[in-house]
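For the protein sequence lines, the chains are A and B, in the order given.
Numbering-wise (our numbering), the first sequence opens with residue 166 and increments by one.
Numbering-wise (our numbering), the second sequence opens with residue 123 and increments by one.
Note that CB positions come from ideal geometry on N, CA and C, so glycine has one too.
Small disclaimer: the values here were computed from a predicted structure and weren't measured.
Remarks on the structure that follows.
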Amino acid sequence: MVQKMVESPGSGTALRDDLPPLLKQSGQREVFCGLTSIVWLHRRMPDAFFLVVGSRTCAHLVQSAAGVMIFAEPRFGTAILGERDLAGLADANAELDRLVNDLLERRPEIRTLFLVGSCPSEVIKLDLAKAAERINRRLAGQVMVVNYSGSGIETTFTQGEDQALTALVPLLPASDAPQLLLVGTLADMVEDRLIGLFQRLGIEVVRSLPPRRSTELPPVGRGTKVLLAQPFLSATARALQARGAELISAPYPLGVEGSRAWMAAAAAAFGIADAQVAALLDPLVERGRRAIAPHRQILRGRRLFLLPDSQLELSLARFLQRECGMELVEVGTPYLDRQLLGAEIELLPSGTQISEGQDVELQLERVRAAKPDLVLCGLGLANPLEAEGIATKWSIELVFSPIHGIDQAGDLAELFARPLQRRSLLHFGTEPAVNPAAASPVPMAAGAAEPFATANSLAMANPTAGAAR
Amino acid sequence: MELTLWTYEGPPHVGAMRIATSMEGLHYVLHAPQGDTYADLLFTMIERRDRRPPVTYTTFQARDLGGDTAELVKRSVQAAVDRFQPEALLVGESCTAELIQDQPGSLANTMDLGGIPVVNLELPAYSKKENWGAAETFYQLVRTLLKNDMPEPGAPKPSPSRWREQGRRPRVNLLGPSLLGFRCRDDVLEVTRLLAEQGVDVAVVAPLGARPADLIRLPQADANVCLYPEVAGSVCSWLERQFGMPTIRTVPIGIGATLDFLLELGRVLDLDPELSERAAQQAEQRSRLPWYSRSIDSTYLTGKRVFIFGDATHAIAAARIASQELGFKVVGLGSYSREQAREVRAAAKDLGLEALISDDYLAVEKAMAAAAPELVLGTQMERHSAKRLGLPCAVISSPLHVQDVPARFSPQMGWEGANVMFDTWVHPLMMGLEEHLIGMFRHDFEFVEGHRSHLGEAPKPLATNSATVGSSAAATALLEAPTAPATSDISIGDSSIGDISIGDMGLADSAMAAVLSWTADGEAGLARIPFFVRGKVRRNTETYAKDQGITAITEEVLYDAKAHFSR
């Protein structure tokens, strides 16, 4: 049942002729495990419950990453293994059955139960697949029980979603009818917008995985064309392909350019004429660029270092470099799937250093040496870097915020501009800052043609920024 | 196996991290998979720490399991020592590594690390929790560091008043303050000030801000102050046994406890009795709490029903302050600290209560609803539960939220701590004059029915929402909670709900609502009662009616109940 950590095929060979060799270091990895994905998956499917079978650490991780104290009774929990469970496996299975019974009795509205494997359950080889089968037989028709692993010895952060969706693939009904299948959790509002646009392009049937209700699983078959909304769904993509679906290769829908290319790739797969795509999308592209413009003024020429975390790093780097004018110091990613990220790698500028995996100490040394203007990193590293004078952006915010699509590109740029803008606003001395540009702790990049806008002019230039939130 | 939706305490290795991160010059090598690095954010985000915790994780992966994870441990230990050059090293494992039995501590002990002390931490992740882990780590660290300084067996105990012969001021250690502890940073300052007024110096504060070298100096103090028993209890006992150092165990939270603390300090250190006498005389003047509590506005605090839940130290202290110094009525007392359950039970018994010892927050919420309090003193989780129940709440204990690390000086201990508590507990309540004025003007047309002062648009308490009330969406949501089977059935082993049988409560309520009804004049009478006590009156009247076998509540029943309860 142990699923292999995704290995990049052919690692060691050059990514592209004009890129330095992939930097791979092994050491301490400062990343979340796949259990963290539960935080957004449970919100996506309000009729599902995620039951982690693990330890107090798992429970503490999920609640710390989610800040869950706001919920009366969250739709996720942990079956915490105790010493008695570790003593004998038969006992653990009986305990799990009892606990699931109690849970479902208490939460009769639950239609799908995800049994989520963890590091401890994997190490003691507690067979959750078998447990899911057993409980499924007993509860046939009442609740669907699905099993996947979110363990940190096998998955990183967003890979938890990949594992969860992969587990759903065998349950999808079969149909060879033509459809566009969007795969990966999107904010509902963003998804509605994107589906509306696809339909205006003439793609009639657009469905999503995961669905909004866990019981309304989309069908899959030879007529299915899969468009990944997120770059971290390697195993899901393979499983869907194995069921006859065709994978559309495209950059990911982050930024104006990526989103347009992503939609155009889908349109092409459905034989829709370029002119029709241009007629619909070009006005959006023009508007999207206008929304980015004020943030580009702040981001342009600034140097960005991306630490590995959410697996969105390559797509973000491409957007921030090509559309916001940032310079890329290093683009870290927890793992590199060359097939799924091929289109993104193509768009990176010559000389971009990509690193896979991490030795956090060595990587932080490179950060300090490079003195970047902005670092994308996890929550554990942000304040320490800020205290060293380096501006940061939390990567976890990117998996919770509606950032996908042409219409969200301005907001996405704003997320990265905000830390820099904030630094230029803050002043604790006696002399008021006369010139915000001069007061900025980050010097203007040499040769940058556009002057930095003041905070006020920025606000005026983009009065609708953030209105979507 | 135990179902946990939310947990008050993290695993024991997080307790060890609290010790490591609180100190300087100490490093912790933790054999753990990558996901466990989440714990860094507890310190960098909640405590807004400007440095990463001094923790090196081995972050082993599934593919390492077939190979040599022991070698990975050794490499990580060596790399951490080379890079951070700590004065002492903690080596341990998290839950997953415990299963693969590499025994990282023993491995580290076989390595040549240039002679730095290595503490082999064995923290059973499947039976213990965070506070236990912190206490055990602190104890093992002190033990390891003082191993070579142990007095000969049978050597005479040092006299705690030896400072007199040595011609110096008496000095004590402050033990227990740590990161992620409640207001430790400010308590240390306040207690240091308190001690200075008694002519007592602070030798070592630990673990917060201490270096390993400071711990070696612990026995040079005349006594130990056990500020936070959850963390320092076992160290203090060990120092008492091995080094004959007396422990001052009174935790100075509240006026009475602060005075008790000063008296105990005087006794233990044999201070000038005049100091103690003066402290006793001045106790009422040193903090504003006593006068504010006596002042006329506070009359309205009398008998306010308060529900208390937190770690043992803060919950017990809060119960004493609430009942003795503010004139509240404590209607519920509990703690998630199983290690200190005995003390909490004793404190509850003194108040005529059965303590709630549980780490199931839903059980706590149910007990809270059943106790029908007017104020909740709890953790951040009780703040959320109280909000759902429409009750004011003040936070008195860990687990921490970023709001519990305020920018301002905000201790819980000593005279200033009492001031802080008066403000933070009393301000969420409707103040006396305010309550009085609302009563006076409530018939004026400007008065908007349902005005709730600063309590916000919170729903009415759970128990008051009977079927007769036109229920808002919020109230409906609340009503959903008790329809589920009692939580006690689900959380196995670890959570006894105590004597407050809330499982039955929900059922009793719905059964009651089914047979009880309010007549038109009864409702009219109820409507004339100020809204801020209306819920309580409704509840009392319904209880009374049920006891009397009355099914239709008229205005007369309302007055009968009023007379009944005013006895």
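Evaluate residue i with the Cβ neighbour count: other Cβ atoms within 10 Å of its Cβ, from every protein chain shown; 16 or more gives buried, anything less gives exposed.
| i | result |
| --- | --- |
| Trp-285/B | buried |
| Phe-383/B | buried |
| Pro-514/A | exposed |
| Gly-666/B | In the sequence as presented, Gly is not what sits at residue 666/B; that position holds Tyr. Tyr-666/B is buried by the Cβ-count criterion. |
| Phe-593/A | exposed |
| Asp-481/B | buried |
| Trp-559/A | buried |
| His-549/B | exposed |
| Ile-238/B | exposed |
| Lys-488/B | buried |
| Ala-257/A | buried |
| Lys-290/A | exposed |
| Gly-554/A | exposed |
| Met-272/B | exposed |
| Trp-547/B | buried |
| Leu-591/A | exposed |
| Ile-418/B | exposed |
Which one or two residues does DSSP pair with residue i in a beta bridge?
| i | result |
| --- | --- |
| Gly-132/B | The partner list for Gly-132/B (beta bridge, DSSP) is empty, contrary to what the question assumes. |
| Ile-519/A | Val-496/A |
| Ser-198/B | DSSP output for Ser-198/B lists no bridge partner at all. |
| Thr-369/B | Asn-346/B |
| Pro-282/B | According to DSSP, which records beta bridges pairwise, Pro-282/B is partnered with nothing at all. |
| Ile-479/B | Ser-457/B |
| Cys-358/B | BP columns for Cys-358/B are empty, so no partner. |
| Phe-182/B | Pro-155/B |
| Gly-242/A | Leu-216/A |
| Leu-188/A | Ser-520/A |
If we cut at 9 Å on Cβ distances, does residue i have a partner in chain A?
| i | result |
| --- | --- |
| Ser-144/B | no |
| His-135/B | yes |
| Glu-131/B | yes |
| Trp-254/B | no |
| Arg-247/B | Arg is not the amino acid found at residue 247/B; the sequence shown has Ala there. Yes, because at least one Cβ of chain A sits closer than 9 Å to the Cβ of Ala-247/B. |
| Ile-222/B | yes |
| Gly-157/B | yes |
| Ser-198/B | yes |
| Asp-190/B | no |
| Ser-623/B | In this prediction, Ser-623/B scores a pLDDT of 33, lower than 50, which makes its location untrustworthy; the coordinate-derived value is nonetheless stated afterwards. No, Ser-623/B lies away from the interface with chain A (no Cβ there is under 9 Å from its Cβ). |
| Cys-217/B | yes |
| Met-167/B | yes |
| Leu-127/B | yes |
So, is the C-beta of residue i closer than 9 Å to a C-beta in chain B?
| i | result |
| --- | --- |
| Val-218/A | yes |
| Ile-245/A | yes |
| His-225/A | yes |
| Val-370/A | no |
| Asp-267/A | yes |
| Val-391/A | no |
| Ala-297/A | no |
| Val-281/A | no |
| Asp-439/A | no |
| Phe-111/A | Outside the modelled stretch of chain A, which goes from 166 to 634, sits residue 111/A, for which no answer is possible. |
| Thr-323/A | no |
Whole alpha helix (DSSP H) elements within the region 330-388 of chain A, 4-residue minimum: Every alpha helix (DSSP H) stretch that sits fully inside the region 330-388 of chain A and reaches 4 residues is listed by chain position as 353-366.
Meets three-Cβ-pair contact criterion under 8 Å: the region 350-361 of chain B and the region 261-268 of chain B: The region 350-361 of chain B, when compared against the region 261-268 of chain B, does touch it at the 8 Å Cβ threshold.
Segment contact, 8 Å Cβ cut-off, at least three pairs: the region 236-247 of chain A with the region 299-306 of chain A: Proximity of the region 236-247 of chain A to the region 299-306 of chain A falls short of the contact definition, fewer than three beta-carbon pairs being nearer than 8 Å.
Stretch-stretch touch, CB-based, cutoff 8 Å, three pairs: the region 473-481 of chain A with the region 389-402 of chain A: The region 473-481 of chain A makes contact with the region 389-402 of chain A; the number of CB pairs closer than 8 Å reaches 3 or more.
Any beta strand (DSSP E) of 3 or more consecutive residues that is wholly inside the region 184-247 of chain B: Those beta strand (DSSP E) runs which fall completely within the region 184-247 of chain B and span 3+ residues are 210-215, 240-242.
Cβ contact (3+ pairs, closer than 8 Å) linking the region 456-473 of chain A and the region 536-552 of chain A: Yes, the region 456-473 of chain A touches the region 536-552 of chain A.
Segment contact flag, the region 347-355 of chain B with the region 424-444 of chain B, C-beta cutoff 8 Å, min 3 pairs: Contact annotation: the region 347-355 of chain B touches the region 424-444 of chain B, with at least three C-beta pairs closer than 8 Å.
The region 187-207 of chain A contacting the region 514-529 of chain A, beta-carbon criterion three pairs below 8 Å: Taking 8 Å as the limit for Cβ pairs, the verdict is that the region 514-529 of chain A does touch the region 187-207 of chain A.
The region 490-505 of chain B in contact with the region 459-467 of chain B per 3-pair CB rule at 8 Å: Put simply, the region 490-505 of chain B does not touch the region 459-467 of chain B. Fewer than three CB pairs are less than 8 Å apart.
Contact the region 279-290 of chain A vs the region 252-262 of chain B: 3+ CB pairs below 8 Å: No, they do not touch.
Touch test, the region 169-181 of chain B against the region 239-247 of chain B, Cβ-Cβ under 8 Å, three pairs minimum: Judged by pairs of C-beta atoms under 8 Å, the region 169-181 of chain B does not touch the region 239-247 of chain B, as fewer than three such pairs exist.
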